[in-house]
Amino acid sequence: MSVLRTEHVTMRFGGVTAVDDLNLHVEKGEIVAVIGPNGAGKTTAFNQITGVYTPTEGKIFLEPVNSSQEVDITGMRPDKIVSMGIARTFQNIRLFSKQTVLDNVLIAQHLHVKSTLPGAIFYWPNYCKEEKAMREKAMHLLERVGLADNCGDLATSLPYGLQRRLEIARALATNPKLLLLDEPAAGMNPTETLELTHFVREIRDEFQLTILLIEHHMQIIMDISDRIYVLEFGKTIADGVPAEIQNNQRVIDAYLGVVEDA
Amino acid sequence: MSGFNGRSYPGLVGMLDGRKRRNLALSIVAVIVITVFLYMAQNGFILDAYGVRILRLCAVYSICALSLNLIQGYTGQFSLGSAGFMALGAYVTSILSMTDANREAVYYLKPMAPWLMKIHLDYGIALILGGVLAGLVALLIGIPVLRLKGDYLSIATLGFSEIIRIVLNNAQSISNGATGLKNIDPTANIWWCFCALVLVLLFMTRLFHSSYGRAFLAIRDDEVAAEAMGISIFKHKMMAFVASAVIAGIGGGLMASVLGAVTPVLFRHMMSYDILLIMVLGGTGTMTGALLGGFIYIIAKEALRFMDSGFAIGFIQVPAIAGLRMVMFSVLLMIVVLFYHKGLSGGKEFSWDRLFGFPKKIAARFSKKSEKAGAGK
Ligand SMILES: Nc1ncnc2c1ncn2[C@@H]1O[C@H](COP(=O)(O)OP(=O)(O)OP(=O)(O)O)[C@@H](O)[C@H]1O
Ligand SMILES: [Mg+2]
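Protein chains in written order, with the working numbering: chain A, 1 to 262; chain B, 1001 to 1377.
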């Protein structure tokens, strides 16, 4: 069964239909890409899946963590959806700017804290154990993304490429089953982009993730995705494996051609 | 914690340790000096009754500024309801701890409600109940109000605060109406006020070193991102709001005892603005700021009192102008805000290292200036 499935999902903002009848599915362990020109509705689709927007029409189904039963998550609150196993990064990096690198990753583990507020304040043993485990996990994740040395720095003092990595570490800290990456390579140089490609595959295997990503770098997409959905003006104009997409005339006209010109 | 700091400086360890030891020693000395000072003040060795009262008020206003800081400085919710929660705390504490004789003397227009007459509590227990009630009320009004953002939240909390005041103004048999309360239990001496202050400081320090405090800070920094990390925004705003109200309620209960008398007028919106001012003056989002603000604000307000009764500068005789004090006070505030827009604390918590670094910083600033002046020639 699919980890994520959308049925006729549509989003209208006044007269604009940002997402029009989106029907996608993501299977366990897959890396699926969503591509399309600017304003195609990619981010809007992510915002619907993560609960930032409630779809005007349609339904979204998720197979939550530790479960094989599909659940309707349409219109659920974002924090609820995170606890069911979807984590995300943002196209315009949204780190907690006044917090350290370490705190950013710790904050993302707060949803799993079982101790109560008094427990946390009075150093009850259970809380101390939780805090210790959280710090260990955070440091492990930071090491994994190569940021362990920066753990005490202010998040926004990092260079752009590292901020994107931190966003991924922070998303992983919520223990997701499905990871949504919104243009993870935006603003990265070619070397960083190549590293990221490997990195995405590695974390998929290491954390048994399913990944849905938006990207503009054709090289990354063709490299790592198992399947691709192509959006244009909110409509899905094509879907399939990379080879199919590459040779799809409509996609070439609408999108790939433009990129090659640019 | 230093173990988590991936880097290590083997050569520096000894030095750092030395500095840590120095700081610890300084802290111990500071605590002793302050305790001795408070002891002498409480027993009338250094301050008269008036001075002691000002000192207690400094602590009480700092507590209230800390309470506002918790919801506004740390959680980013622009609440203007301080006066309302303080009023609740003040009235609950005063009413429950008042003796029968005083109750008869105070409630002379209309006697106190019989069910209330039956309740007599120690000041300390009444104080805690005042905080608890303020917290419960915060829980109730938080349900609709905390869904609002920014300006709307401040207007709604301001409105709520007025409602509390109007209720107190009219519930004659409970609050004694517009006449207010007097002969309030004077238990809250220096020890009470400063112990409460220390407890609130400890509470907040622990809170912001815990996962819950981090969640509050995350909401302040970026609500959308916090929610996308699984933090329930409403639940955590509510926790911060209730905790802040409990602290404000306790602040109010202490204030009533220090002042000896309260009326609903004391808790007009001006009180909320005063607290806001103290927080901003000291530095929003820092505990050091709330302390600096509370002490400087109250002391400056008293120190400038002479201005209202006419005074002389050299040969110039300034006549008595009512309100001149507040004009002068506002000018001083504007100067502070202009030059220190992060407040007197500079947006950072106090530390001995920062204190010792301060003269160097000033010196650096002056040497830069003189360099510039030299270059100009
Ligand atoms: N909150 C909103 N209110 C109104 N219109 C919106 C809103 N969010 C998105 N839109 C509109 O929806 C359309 C799709 O936007 P979206 O951000 O999803 O595009 P995108 O595919 O992510 O583009 P990009 O590649 O530039 O990130 C755009 O026309 C945008 O203006
Ligand atoms: Mg986008």
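Note that CB positions come from ideal geometry on N, CA and C, so glycine has one too.
Among the residues facing chain A, glycine 1230 of chain B is included, as its CB has a counterpart in that chain under 8 Å away.
Between the segment 37-46 of chain A and the segment 6-24 of chain A there are three or more inter-stretch CB-CB distances shorter than 8 Å, so the stretches are counted as touching. One residue list follows from the rule of a beta carbon closer than 7 Å to any heavy atom of ligand 2, given in chain order as A:Lys42, A:Thr43, A:Gln91, A:Asp182, A:Glu183, A:Ile214. Per DSSP, the beta bridge partners of glutamine 1317 of chain B are B:Ala1312. Closest by C-alpha distance to arginine 1268 of chain B, out of B:Gly1314, B:Val1242, B:Gly1084, B:Arg1206, is B:Gly1084.
Runs of the beta strand (DSSP E) lying entirely within the segment 35-95 of chain A and spanning at least 3 residues, in chain order: 57-62, 86-88. Phenylalanine 199 of chain A: member of the alpha helix (DSSP H) spanning 190-206, first to last residue. With a beta-carbon spacing of about 5 Å, leucine 1133 of chain B and valine 1092 of chain B fall inside the 8 Å limit used to define contacts. Per DSSP, the continuous alpha helix (DSSP H) segment holding isoleucine 1143 of chain B begins and ends at 1123-1145. Taking 7 Å as the cut-off, one finds at least one heavy atom of ligand 1 near enough to the beta carbon of alanine 40 of chain A. Taking 8 Å as the cut-off, the Cβ atoms of methionine 188 of chain A and arginine 164 of chain A count as close.
Counted as a single uninterrupted DSSP element, the stretch harbouring leucine 1266 of chain B is not any beta strand (DSSP E), since DSSP gives it neither H nor E.
Sequence-distant partners of arginine 1103 of chain B (beyond 5 residues in either direction) whose C-beta falls short of 6 Å from its own C-beta, in its chain, are Met1112.
Remark: the shortest separation between the CB of alanine 18 of chain A and any heavy atom of ligand 1 falls under 7 Å. Using a C-beta cut-off of 8 Å, the segment 1106-1122 of chain B makes no contact with the segment 1160-1170 of chain B, since fewer than three inter-stretch Cβ pairs fall below that distance. Taking 7 Å as the cut-off, the C-beta of glycine 36 of chain A counts as close to a heavy atom of ligand 1. Of the heavy atoms belonging to ligand 1, at least one sits nearer than 7 Å to the Cβ of phenylalanine 13 of chain A.
Residue range 1287-1303 is occupied by the alpha helix (DSSP H) that includes isoleucine 1296 of chain B. Val52, Arg77, Pro78, Asp79, Lys80, Ile81: these are the residues of the segment 52-81 of chain A whose beta carbon lies less than 9 Å from some beta carbon of chain B, given in chain order. Your pair glycine 1347 of chain B and glycine 1253 of chain B does not check out as a contact, with CB atoms roughly 31 Å apart and the cut at 8 Å. Residues of the segment 1148-1165 of chain B that bring their beta carbon within less than 7 Å of a beta carbon in chain A are absent altogether. Methionine 222 of chain A has a beta carbon lying at 8 Å or more from every beta carbon in chain B.
Among the residues of chain A, none has a CB under 8 Å from the CB of phenylalanine 1078 of chain B; the nearest is roughly 17 Å distant. The beta-bridge partner set that DSSP reports for methionine 11 of chain A consists of A:Val19. Under the 8 Å criterion on CB atoms, lysine 98 of chain A is classed as interfacial with respect to chain B.
Excluding the 5 residues flanking it on each side, arginine 77 of chain A has same chain C-beta neighbours closer than 8 Å at Gly51, in chain order.
B:Ala1059 is the residue among B:Phe1295, B:Phe1358, B:Ala1059 whose C-alpha sits nearest the C-alpha of valine 1258 of chain B. Secondary structure remark: continuous beta strand (DSSP E) runs of at least 3 residues inside the segment 99-155 of chain A: none found.
Residue-level contact by beta carbon fails for tyrosine 1091 of chain B and chain A, as no gap is shorter than 8 Å. Nearest in C-alpha terms to methionine 84 of chain A, of all of B:Leu1116, B:Gly1135, B:Gly1230, B:Met1098, is B:Gly1230.
Chain B places no beta carbon closer than 8 Å to that of histidine 25 of chain A, leaving this residue out of the contacts. Aspartate 239 of chain A counts as buried, since no fewer than 16 other beta carbons sit within 10 angstroms of its beta carbon.
The criterion of a C-beta distance shorter than 8 Å is satisfied by alanine 148 of chain A and leucine 142 of chain A. For leucine 179 of chain A, the beta-bridge partners assigned by DSSP are A:Ala87, A:Ile211.
For valine 1242 of chain B, the enclosing alpha helix (DSSP H) begins and ends at 1233-1259. From the beta-carbon of valine 1224 of chain B, the residues of chain A found nearer than 9 Å are Val52, Pro78, Phe90, Arg94.
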